[in-house]
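When you line the sequence shown up against full-length UniProt numbering, it's residues 1 to 134, in that order. Everything below concerns the one structure shown next.
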Amino acid sequence: MLKVYTDAAVNGNPGSAGIGIVISGNGIYEQLAIPLSGKWDNHSAEWEAMRIAIKWVETNHTLNSLTLLYTDSQVVARSISKKYVKNIKFKPFLTDCLSSLNHFPFYEIHWIPEKQNKGADNLAKQGLQKAINS
Numbered sequence: 001m002l003k004v005y006t007d008a009a010v011n012g013n014p015g016s017a018g019i020g021i022v023i024s025g026n027g028i029y030e031q032l033a034i035p036l037s038g039k040w041d042n043h044s045a046e047w048e049a050m051r052i053a054i055k056w057v058e059t060n061h062t063l064n065s066l067t068l069l070y071t072d073s074q075v076v077a078r079s080i081s082k083k084y085v086k087n088i089k090f091k092p093f094l095t096d097c098l099s100s101l102n103h104f105p106f107y108e109i110h111w112i113p114e115k116q117n118k119g120a121d122n123l124a125k126q127g128l129q130k131a132i133n134s
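Below you can see the structure in the form of structure tokens.
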């Protein structure tokens, strides 16, 4: 089983942003703190965090076991679960995520409270600092 935690941090709305991803299980432990270029609103940055995390798993991991995806964004969790997004602005993110997830034999997505997402949160803040300092 692979567990994937994602989060985003944004300074301003829109503003500089960074994302954090923690991937663990099946002998893997990865921590990613990634600065995003350009200006981002919080929801778009949360979507980008999930999109990049899914792409990372798809590219770097053998997809033969259950993948559990965790986010503190209710919009992202609900949209992927229902395969529908109300706001057209997020449709490209959803389409990209679902396209990649079609290659996963088993996955679940779960919303978690912020306090249960501290690892990804800290990495997102590091990514944000990198974005601000670049």
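The beta-carbon is built from N, C-alpha and C at its ideal position, and this holds for glycine as well.
Looking at the DSSP output, I28 bridges to G25. For N87, no alpha helix (DSSP H) segment is defined, and its DSSP state is neither H nor E.
Beta-bridge annotation (DSSP): L94 is not paired with any residue.
Within the same chain, and ignoring the five residues on either side of T6 in sequence, the residues whose Cβ sits closer than 6 Å to its Cβ are I21, A49, M50, A53, T71, A120.
Taking the C-beta atoms as reference points, G25 is found nearer than 8 Å to K3. Counting every other CB atom within 10 Å of its CB across the protein chains shown gives I88 a total below 16, marking it as exposed. Contact between W47 and P14 fails: their C-beta atoms lie close to 13 Å from each other, not under 8 Å. As DSSP reads the structure, N11 sits in a beta bridge with S16.
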